[in-house]
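A.B. asks: The following block contains the structure, expressed as structure tokens.
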Ligand SMILES: [Zn+2]
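In the working numbering, the protein residues as written are 323 to 602.
Given below as structure tokens:
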């Protein structure tokens with residue numbers, strides 16, 4: 323098939339406890355609620371734009387301009403956009419011209435040109451930037467993620483439903499394909515080239531995106547791990563909805579990343595990986 327072009331876009335930064343990326347499921351430490359700001363670390367917030375011969379696809383949406391109206395940290399704006407609790411857990415900013423919608427429009431792509439906007443899961447640093455993409459042809463997330471994020475407790479703590487409400491978001495169901503740590507995936511275009519692979523653990527309905535073409539593969543594993551280091555040293559994220567599932571998912575990420583056909587594999591927040599474009 324004609325080539326698929328994959329752009330890793332950097333859509334801002336997030337300040338978190340060092341226990342969040344590599345905290346092995348310790349939620350209290352990972353929240354950083356009792357940690358002084360100077361001990362926190364800045365991580366990138368990425369999104370992935372895929373130019374496929376049959377579709378234009380955005381995976382995750384980074385921060386919204388409303389988080390950072392002047393391109394710098396803005397406490398008041400963040401509390402308004404997220405919530406007080408989420409502001410305490412993750413402060414962020416996105417430089418001007420660097421939100422996902424701003425970067426795509428610099429490439430000549432408008433929301434209405436996108437065939438799919440896929441949210442790997444519904445945490446704020448992935449769903450925040452969704453509102454400018456309301457005109458996209460389809461906005462989707464897994465049904466398991468939506469169900470979990472809109473539960474009574476979750477919707478008032480970990481998640482911010484206002485980030486996706488009113489965007490026309492739809493849910494999809496996984497099929498038992500045998501692919502991935504729990505054997506479940508969703509074939510986005512029906513030709514196996516873009517597989518949304520269920521990698522539960524960090525959140526209930528989290529997906530990795532496995533892109534395959536011409537005998538090569540690229541894996542975007544979102545928050546299944548926070549860096550390449552995560553699968554090399556088997557370090558789980560600090561926030562884990564289910565630790566055993568997260569470990570199994572990380573093993574699968576490691577196995578795919580180590581295959582010869584996998585030419586690139588990256589997390590959403592890896593500080594070691596810079597924005598880049600890869601063609602397969
Ligand atoms: Zn994240």
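A virtual CB, placed ideally from N, CA and C, is assigned to each residue, including glycine.
Once DSSP output is grouped into helix, strand and coil, what is the label at residue 572?
C.D. replies: Helix at residue 572.
A.B. asks: So does residue 580 have its beta carbon nearer than 8 Å to some heavy atom of ligand 1?
C.D. replies: No; taking the cut-off as 8 Å, the Cβ of residue 580 has no heavy atom of ligand 1 nearer than that.
A.B. asks: One question on the structure: do residue 442 and residue 415 come within less than 9 Å of each other, judged by their Cβ atoms?
C.D. replies: Not a contact, by the Cβ cut-off of 9 Å.
A.B. asks: Apart from the five residues just before and just after residue 437, which ones in its own chain have a Cβ nearer than 6 Å to its Cβ?
C.D. replies: Excluding sequence neighbours, residue 437 sits near 377, 378 and 459.
A.B. asks: Take the Cβ of residue 451 as the centre, count every other Cβ of all protein chains shown within 10 Å, and call the residue buried at 16 or more, exposed below.
C.D. replies: Buried, since its Cβ has 16 or more Cβ neighbours within 10 Å.
A.B. asks: Please name the residue, chosen from 453, 343, 326 and 427, that lies closest to residue 589 on a Cα-to-Cα basis.
C.D. replies: The residue with the shortest Cα to Cα distance from residue 589 is 343.
A.B. asks: Taking the C-alpha atoms as reference points, what is the distance between residue 523 and residue 544?
C.D. replies: Rounded to the nearest angstrom, the two C-alpha atoms are 12 Å apart.
A.B. asks: Got a sec: does ligand 1 put a non-hydrogen atom nearer than 8 Å to the Cβ of residue 591?
C.D. replies: Within the cutoff, so yes.
A.B. asks: Hey, is the region 551-558 in contact with the region 567-576, meaning 3+ C-beta pairs nearer than 8 Å?
C.D. replies: Contact between the region 551-558 and the region 567-576 is present, because at least three Cβ pairs lie under 8 Å.
A.B. asks: Ligand 1 heavy atoms versus the CB of residue 416: any closer than 8 Å?
C.D. replies: No; taking the cut-off as 8 Å, the Cβ of residue 416 has no heavy atom of ligand 1 nearer than that.
A.B. asks: Which residues in the same chain as residue 371 place their Cβ atom closer than 7 Å to its Cβ, once the five residues preceding and following it in sequence are excluded?
C.D. replies: Taken in chain order, the residues that qualify are 329, 331, 380 and 426.
A.B. asks: Give me the Cβ distance between residue 582 and residue 325, rounded to the nearest whole Å; I'm assuming they're in contact under 8 Å.
C.D. replies: Incorrect: roughly 19 Å between the Cβ atoms, too far for contact.
A.B. asks: Could you pull the start and end residues of the alpha helix (DSSP H) that residue 446 belongs to?
C.D. replies: Segment 446-449, the alpha helix (DSSP H) holding residue 446.
A.B. asks: Does DSSP put residue 358 in a helix, a strand or coil?
C.D. replies: Here residue 358 sits in coil by DSSP.
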